[in-house]
Amino acid sequence: MLIHSATQLLTIAGGPQRGRDLGELGIIEDGALLIRDEKIIEIGSTPKMRAKHPDEPTLDASGSVLMPGFVDPHTHLIWGGDRAKEFEMRLEGAHYLDILKAGGGIISTVRDTRKAPLESLLSQTRSRLMRVFSTGTTTAEAKTGYGLQTATELRMLKALLTLDREGPLELAITFLGAHAIAPEFKDDPEGYTDHITETMLPIVSDWWETHAPRRQSKPFVDVFCETGAFDLAKSRQILEKAAALGFPLKIHADEFDNLGGASLAAELGAASADHLVVTSDEDIENLANSETVAVSLPCTPFGLAHCDYTPAQKMLDAGVILALATDCNPGTTWNESMQFVLALACRSMKLTPAQAIVASTINAAYAIRRDDRIGSLEIGKQADMLILSVPDYRQLGYRYGTNLVKKVIKRGRVYSVDVGYYQTA
Ligand code: NIG
Ligand code: FE
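With this note's numbering applied, the sequence shown covers -14 to 410.
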């Protein structure tokens, strides 16, 4: 299939973009792109490509931006129940970490998720994933972490593997048994940390070997490094054990308190450190000297009605690799759309639309270490892309609240998501 006449074709070629290099879109005007067998075969200008491939089936992208699909490198997309009541409590003055301490927050979703059978988890998550896909995300990371006990964590992993196999949204799976202290270990965080390292991680490692498809590399292991969750020493214990078992690493750090989690991630060679709101200059320097991607989640402070965001400009000055993600979860931010993340990143962190787009595509792909396959439009890469209903990339970020994606193309298959009309019953 030849997609042609794109007003702007954004290739975002050349790999992840570090520091002030962020924002190179590699635009081809009146661009065309040839797809075969789920892959990108050729890219160029429309007149040349049409002349070269006169018999190829075509898809007209005139008046549109053609760009790589969004990669969302941090989500908690699978859970049971909701937390609308807590949203109201927070608006009335309660703090997120105090609700967690009182046995609510993450623990309340843990209760609902433990109760949910596999089929129910699958059906709740499936409809969520369809909405994610229809807003232009073609690959999303997705974490467990609402089980905090082996059986439920494995059920979540199983559901995520099933949903990844079903598609069309591709998933990068993360084990987050260290999301909160399990209720059974309420007054014994050391005990739960030992339970994770000595029991859960080895079980997950063996389970993955037998249940995951052969091509699927090991899931990431993530830790919520935060006051009231896992302190720095416990985070280190978990991540070092995970690394020894061959898991790639991620961390939640500096969402509320600075405990040094970002520097720990850099030291251990983690793929990413995420949240990064109260990150210190020293942490920023350590990230800048590493391959650990800083994943900023601006919807989280927005969702919590807090005022502080990732110090993105400082990070770019220092030479950090910056990416963006939704953090979609039932507690802090139930937002499924990367388009809204871009709009918020532009305003809260003063990213330009071009910088926000790169942070949501190739840099986001690097945060899940799939940049060799997705995140840009380059020859040999998977044919994952979007046709927008607008002719200028700056409309992303500028506009928000409506879906600017007209078609999503995943592994070469075209999905129309913008019906553009409504019918009465
Ligand atoms: O990334 N901070 C920890 N985890 C999530 C929130 C999860 C929840 O509240 O259910 C986050 O914001
Ligand atoms: Fe998170």
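In this text, a Cβ means the ideal position worked out from N, Cα and C, and glycines have one as well.
Between the alpha carbons of E363 and D191 lies a gap of roughly 36 Å. Remark: the C-beta of H61 is in contact range of the ligand FE, defined as less than 7 Å to any heavy atom. Judged by their CB atoms, F205 and T159 are nearer to each other than the 8 Å cut-off. Here K37 is exposed. Its C-beta has fewer than 16 other C-beta atoms within 10 Å. If you ignore the 5 residues before and after F209, its C-beta comes within less than 7 Å of the C-beta of A163, H164, A165, F215 and H237, all in its own chain and listed in chain order. Contact between the segment 92 to 110 and the segment 139 to 156 is present: 3 or more CB-CB pairs across the two stretches fall below 8 Å.
Non-local C-beta neighbours of R5 in its own chain, meaning closer than 8 Å and more than five positions away in sequence, comprise L301, D302 and G304, ordered along the chain. The ligand NIG has no heavy atom closer than 7 Å to the beta-carbon of F325.
Looking at the DSSP output, Y400 shares a beta bridge with V393. For I364, the three-state secondary structure derived from DSSP is coil.
For T(-8), the enclosing beta strand (DSSP E) stretches over residues L(-13) to L(-5). With a threshold of 16 other beta carbon atoms within 10 Å, C313 meets it and is buried. Per DSSP, the continuous beta strand (DSSP E) segment holding H260 begins and ends at S257 to H260. A125 is positioned such that its CB atom lies no closer than 8 Å to that of I63. Within 10 angstroms of the beta-carbon of Q408 lie fewer than 16 other beta-carbons, which makes it exposed. Within 7 Å of the C-beta of D57 there is not a single heavy atom belonging to the ligand FE.
Distance between D268 and L307, taken at the CA atoms: about 14 Å.
L(-6) sits close to I12, with the two beta carbons spaced by under 8 Å.
Not one heavy atom of the ligand FE falls within 7 Å of the beta-carbon of H291. Apart from the 5 residues on each side of it in sequence, V263 sits with its Cβ closer than 6 Å to the Cβ of D239 and N243 in its chain, given in chain order. No heavy atom of the ligand NIG is found nearer than 7 Å to the CB of D268. The alpha-carbon of M323 is positioned some 10 Å away from that of P58. L336 counts as buried, since at least 16 other C-beta atoms from the protein chains shown sit within 10 angstroms of its C-beta. In terms of Cβ geometry, G360 and V56 form a close pair [threshold 8 Å]. DSSP places H291 outside both helix and strand once states are collapsed to three, so it counts as coil. In the DSSP assignment, P32 falls within the unbroken alpha helix (DSSP H) covering T31 to K37. Minimum Cα-Cα distance from I353 among the listed residues G16, T285, T60 and L51 corresponds to T60. Cβ neighbours of T120 within its own chain (closer than 7 Å, five residues either side excluded): E321, S322, M323, Q324, N388 and V390. Assigned with DSSP and collapsed to three states, V263 falls in coil, not helix or strand. For R355, there is no enclosing alpha helix (DSSP H), as DSSP marks it with neither H nor E. The Cβ-Cβ distance between I394 and D377 does not fall below 8 Å.
With 16 or more other CB atoms across the displayed protein chains lying within 10 angstroms of its CB, A341 is buried. Counting C-beta pairs closer than 8 Å gives fewer than three between the segment 84 to 103 and the segment 285 to 294, which falls short of the contact rule. When rounded, the separation of the alpha-carbon atoms in M115 and D45 is 25 Å. The Cβ-Cβ distance between M185 and T129 does not fall below 8 Å.
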